[in-house]
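For the sequence shown, the working numbering gives the first residue as 303, with consecutive numbering after it.
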Amino acid sequence: MEHQIKREPQFWINPNFRLNSPHFRFAWFMADMTVLRQEAMIMSVERKVYQTSKQCVVCVITPDHSSLDIVYADKTKFDNLRLQKWLRETIRDEITARAKIVLPSRLRELERKNNLYGNRVFVKKLRGNTMGCCSVYNDISLIPGLIIMPQALIDSVILHEMAHYKYKHHRKSFWNFLSQLLGEDAKTQKGAMDIVLSKYWLQIKFLMK
């Protein structure tokens with residue numbers, strides 16, 4: 303009998319669990335257990351394998367980390383908490399790898415578009431509910447979970463931090479400048495984006511912990 307981690311997850315990761323993201327997706331495929339165990343031994347494709355005497359799940363990884371194919375047997379017990387932890391950490395690691403490709407590239411694109419340049423960009427976990435921050439040296443840090451949000455929200459967070467290149471505060475001059483970057487009233491847009499964010503935030507916090 304497999305050892306169980308006692309605390310149940312906030313979400314159950316199984317074939318009904320989906321992400322609707324412009325930059326990262328994963329798909330589920332069912333296979334015969336014998337075939338699946340044979341596939342788990344093939345090393346020609348990058349993959350991660352969860353295997354016990356009773357279970358086998360194979361995650362096939364693309365070179366650019368843009369997708370994750372999860373192959374499982376028909377009798378896979380997705381209520382096994384050790385498997386749940388393994389799936390969450392595998393998805394988290396792939397989201398992080400993809401974010402380190404996508405987010406710096408998108409930030410540089412927006413810098414060129416707005417003729418507004420900072421310094422370094424980091425993709426890493428931040429404290430609390432912070433999605434991005436800009437240092438006094440104009441280094442921007444962004445959370446990996448941004449890439450599973452809609453593109454408009456990703457750009458909104460990046461532009462917010464870019465506005466701090468010029469204004470290191472949230473006074474009126476900052477919001478006026480951010481409105482120029484966004485092409486719309488920044489405070490109104492923030493209210494709309496907060497509503498969108500609420501649909502994703504719990505899932506992001508769960509996957510990225």
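Just so you know, even glycine gets a beta-carbon here, dropped at the ideal spot from N, CA and C.
- In this structure, the beta-carbon distance from V423 to L412 does not fall below 7 Å.
- In the DSSP assignment, F331 is bridged to V373.
- Between I372 and the set W388, D366 and R384, the nearest pair of CA atoms involves W388.
- Between Y467 and L428 a beta carbon distance of about 18 Å is seen, past the 8 Å cut, so the two are scored as non-contacting.
- Between L504 and R394, the C-beta gap is not smaller than 7 Å, which leaves the two residues out of contact.
- Taking a cut-off of 8 Å for Cβ pairs, the region 324–342 and the region 351–360 touch, as three or more such pairs fall below it.
- For T432 and I445, the gap between their C-alpha atoms comes out near 8 Å.
- The distance from the Cβ of V425 to that of P406 is about 7 Å, consistent with a contact at the 8 Å cut-off.
- Bounds of the alpha helix (DSSP H) holding I456 are Q453 to A465.
- Note on Y439: under 16 other CB atoms within 10 angstroms of its CB, so exposed under the neighbour-count rule.
- Residue D381 holds the alpha-carbon nearest to the alpha-carbon of I315 among G430, D381, D457 and A375.
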